[in-house]
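When you read off a place in the sequence shown, starting at 1, and then add 1, the result is the number in this note's numbering.
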Amino acid sequence: MTGGSGGIGSAICCNLANAGWNTVVHYHSDHDAAVKIVDEINAAGGRAITAKCNLSDENEVAGLFDTAIAEFGEIDGIVACAGIGGSGPVVESTLDDFQKLLGVNVVGAYLTIREAARRIEDGGRIVFVSSQLAERPREGTGLYSATKAAIDAMVVSMSRELGARNITINSVRPGATEPGMFADSNQERKEYFRNLSPFKRLGHPDDIAGVVGFLLSDDARWITGQHLRVDGGASN
């Protein structure tokens with residue numbers, strides 16, 4: 002589980018642990034947050050470990066999978082949730098801004114999904130946490146939206162490549178979710194996005210975690226190459 006120490010990531014880890022999954026909680030810099038999640042899972046009777054990894058380094062990504070196999074024996078499901086946000090007009094952005102987003106959101110996800118395809122057991126499940134902005138970019142989200150759309154395209158292609166092994170790969174597209182990347186937005190922006198949903202609220206990480214858990218379950222065996230909106234109807 003990449004990005005397991007974040008808001009959405011930690012909810013997914015706990016949801017999967019409750020469903021009986023053994024979990025590797027990946028982190029890049031927030032060691033304390035990852036340890037907290039692992040302690041909660043283990044205290045509740047689950048099995049989880051932390052693993053630090055720079056996802057833009059292919060050797061470290063390979064090592065992350067080595068750790069998972071050494072601890073649990075095999076890999077049956079992968080969730081790629083790690084990512085960073087970014088906003089502002091494209092015209093005001095710099096190449097460094099874009100390269101930073103690409104390094105984590107595209108290169109990191111690509112290396113994770115590539116290694117997942119090599120290591121996952123036949124019949125396994127891969128889920129990528131994308132964004133509603135991949136489908137419907139808004140003003141000031143051009144760079145971020147592009148990075149999410151890139152991996153969504155890869156998800157569709159890889160569904161064809163992995164189908165012969167009975168492996169599913171899908172993405173979920175959360176809308177504005179708090180806590181998460183949206184947590185630092187101002188109140189005016191939060192209110193705007195609340196009003197986009199018929200429920201008149203922002204998403205919660207548990208809203209996303211439940212859908213990810215479904216896609217990792219056998220009930221989702223006939224779903225692959227899909228992007229599921231999980232945005233409370235905000236994009237309808």
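We put the beta carbon where it would ideally sit given N, CA and C, even for glycine. The structure displayed is predicted, hence computed values, not measured ones.
Note on Ile70: under 16 other CB atoms within 10 angstroms of its CB, so exposed under the neighbour-count rule.
Boundaries of the beta strand (DSSP E) around Ser172: Thr169 to Pro175. For Thr113, no beta strand (DSSP E) run applies; the uninterrupted alpha helix (DSSP H) run containing it begins and ends at Ala110 to Arg120, by DSSP. For Lys53, DSSP records a beta bridge to Tyr28. In the structure shown, Phe200 falls within a coil segment according to DSSP collapsed to helix, strand and coil. The beta-carbon separation of Met2 and Val130, rounded to 10 Å, does not stay under the 8 Å limit for a contact. Of the other Cβ atoms in all chains shown, fewer than 16 fall within 10 Å of the Cβ of Trp223; this residue is therefore exposed. Between Val173 and Val128, the CB-CB gap stays under 8 Å. Note that the region 8–16 touches the region 197–214; at least 3 beta-carbon pairs, one per stretch, sit closer than 8 Å. For Leu144, the enclosing alpha helix (DSSP H) has its first and last residue at Gly143 to Leu163. With a cutoff of 8 Å on beta-carbon distance, Ile152 and Val107 are scored as near each other. Looking only at Ala44, His29, Thr148 and Ile50, the smallest Cα-Cα distance to Asp58 is reached by His29. By the C-beta density criterion, Phe200 is exposed, having fewer than 16 other C-beta atoms within 10 angstroms. For Ile85, same chain residues with a beta-carbon under 6 Å away, outside a window of 5 residues either side, are Val105 in chain order. Within the same chain, Cβ atoms closer than 7 Å to the Cβ of Leu134 are found at Thr142, Tyr145, Ser146 and Lys149, the five residues on either side in sequence being excluded. Residue pairing by DSSP places Phe129 opposite Ala81 and Ser172 in a beta bridge. Straight through space, the alpha carbons of Leu96 and Glu122 are spaced by roughly 39 Å. Around the beta carbon of Val91, fewer than 16 other beta carbons sit within 10 angstroms, so the residue counts as exposed.
For Leu216, the enclosing alpha helix (DSSP H) stretches over residues Pro206 to Leu216. Distances from the alpha-carbon of Gly5 to those of His205, Thr178 and His32 put His32 closest. The bridge partners DSSP lists for Arg139 come to none.
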